[in-house]
Each structure stands twice: as structure tokens, then as C-alpha cells.
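Residue numbers (our numbering): 27 to 220.
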């Protein structure tokens with residue numbers, strides 16, 4: 027089983043609306059796949075309207091970071107061992123997208139990494155971490171969907187992969203400080219043992 031990273035060009039949709047041409051701003055996300063490349067589930071951190079829960083193409087004033095797990099088929103994903111809440115039928119994956127395998131190994135190990143992260147998602151989502159307008163905070167530390175991507179890598183014990191020739195704002199920021207993430211990981215580990 028594999029854990030892969032995919033790149034979605036945010037600019038394809040936004041730049042078109044603004045008439046600015048092609049952009050190289052990147053939203054990176056994680057995908058759980060079988061060894062032959064079948065997609066089991068994909069996980070994103072997306073800007074979300076706090077009151078309605080509607081996902082946004084880009085952050086607006088008052089939006090928050092939220093993790094979402096999408097799957098082509100929830101029953102198949104559950105049969106493979108994915109455990110978290112999933113949304114069936116939605117996807118950011120297309121055929122010409124750049125992708126990179128970051129982890130390949132036994133199914134049990136890949137699922138342990140994926141599900142450990144999945145177990146922390148309700149807690150992280152509950153914190154209502156602000157998503158900055160347009161996904162940028164200048165000056166200051168930007169925390170956006172790429173921060174969610176990096177946080178997922180940290181929780182899974184993987185090194186995030188960033189594709190060349192793209193701008194990845196938020197890639198140097200975690201959603202939460204490492205000591206707090208480590209505390210939640212230990213707490214989750216203890217609760218899964220009991």
C-alpha cells in the first residue's frame with residue numbers, strides 16, 4: 027500500500043476567474059493507494075466557511091482550516107481498513123496531475139500511519155484554526171492548506187514532498203506546535219491501547 031502526494035494548482039480555477047492566466051500556486055494533499063495505484067482515499071486541509079461548513083476555493087475573512095477525507099467508494103475504503111469519516115464521490119484528482127509516492131510498504135503500516143492521522147482530525151478540526159484570506163498572512167506565519175499537508179506528514183512520520191516550480195505558501199508551518207501534536211499523538215496511542 028502507498029501513501030502518495032498530489033499537487034493541485036489552485037491557480038487553474040482562481041486565475042481563470044480573474045483573467046490572469048496560469049498560476050503555479052500549489053495545494054498539496056495526501057492520497058492512500060493500493061500498490062497498483064487504485065485510489066482508496068484522499069485527504070485535504072481546506073478553507074471552510076465557519077458558519078455553514080461550506081468548503082471554499084480560497085480562504086476568506088472568517089474562514090477556518092478543516093480536514094476532509096474523500097473517497098471514490100466508502101465501502102471499499104473501509105474494507106481496506108480506513109477508519110475515519112469520509113465523503114464519497116468528491117475528488118481533487120485528475121489524470122494529468124503530478125504525483126509522488128512518499129511511502130510504500132506493508133498495508134498494516136500504511137494504514138497505521140493514515141489512521142493515526144485520521145484519529146486526530148476531529149480534534150484538530152474542532153480547534154477552528156483560522157485560514158487567512160487568500161491563504162496568505164503577510165507579515166507573519168501563513169497557516170493554510172499546505173500547513174495542513176505538512177502537519178499530516180508530521181503525524182504520519184513522513185517527509186513532505188513539494189513539486190518543483192511551484193509556490194507552496196504555508197509549507198513551513200504546522201497547524202499546531204510540535205509539542206502539542208506530540209502530546210495528542212501520545213494521548214491517541216494510549217487510548218488505542220485500552
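A virtual CB, placed ideally from N, CA and C, is assigned to each residue, including glycine.
Per-residue burial, residue i [other beta carbons within 10 Å of its own, 16 or more giving buried]
| i | result |
| --- | --- |
| residue 68 | buried |
| residue 45 | Only weak support exists for where residue 45 lies, its pLDDT of 46 falling under 50; the coordinates are left without a value. |
| residue 89 | buried |
| residue 139 | buried |
| residue 130 | exposed |
| residue 83 | exposed |
| residue 30 | buried |
| residue 120 | exposed |
| residue 183 | exposed |
| residue 209 | exposed |
| residue 97 | buried |
| residue 149 | exposed |
| residue 206 | exposed |
| residue 95 | buried |
Expected contact under 8 Å - CB spacing of residue i and residue j to nearest Å
| i | j | result |
| --- | --- | --- |
| residue 71 | residue 93 | 5 Å |
| residue 28 | residue 59 | 5 Å |
| residue 118 | residue 180 | With 8 Å as the limit, residue 118 and residue 180 do not qualify as a contact, their Cβ atoms being about 21 Å apart. |
| residue 196 | residue 169 | 6 Å |
Pairwise C-alpha distance: residue j and residue i
| i | j | result |
| --- | --- | --- |
| residue 152 | residue 122 | 34 Å |
| residue 65 | residue 124 | 15 Å |
| residue 53 | residue 142 | 22 Å |
| residue 86 | residue 178 | 23 Å |
| residue 41 | residue 213 | Summary for residue 41: the model assigns pLDDT 49, below 50, so the residue's position carries little reliability; its value from the coordinates is reported in the next sentence. Cα to Cα, the separation comes out at about 43 Å. |
| residue 185 | residue 167 | 20 Å |
| residue 73 | residue 80 | 9 Å |
| residue 126 | residue 137 | 18 Å |
| residue 101 | residue 128 | 25 Å |
| residue 171 | residue 133 | 27 Å |
| residue 75 | residue 203 | 24 Å |
| residue 199 | residue 135 | 26 Å |
| residue 173 | residue 78 | 23 Å |
| residue 231 | residue 55 | What the structure shows of the chain is the stretch from 27 to 220, and residue 231 is not part of that stretch, so it cannot be assessed. |
| residue 201 | residue 109 | 22 Å |
| residue 146 | residue 63 | 26 Å |
| residue 211 | residue 176 | 15 Å |
| residue 57 | residue 194 | 18 Å |
heavy atom of the ligand GDP below 7 Å from residue i C-beta
| i | result |
| --- | --- |
| residue 179 | For the ligand GDP, the structure offers nothing, since it holds no ligand at all. |
Three or more C-beta pairs closer than 8 Å, one from the region 180-191 and one from the region 102-109: is that the case here? no
Say whether the region 150-161 touches the region 109-116, bearing in mind that this needs 3 or more beta-carbon pairs closer than 8 Å, one atom from each stretch. no
Which parts of the region 105-133 are runs of the alpha helix (DSSP H), unbroken and 4 residues or longer, counting only runs that do not cross its ends? none
Whole alpha helix (DSSP H) runs in the region 159-205 with 4 or more residues, listed along the chain? 171-182
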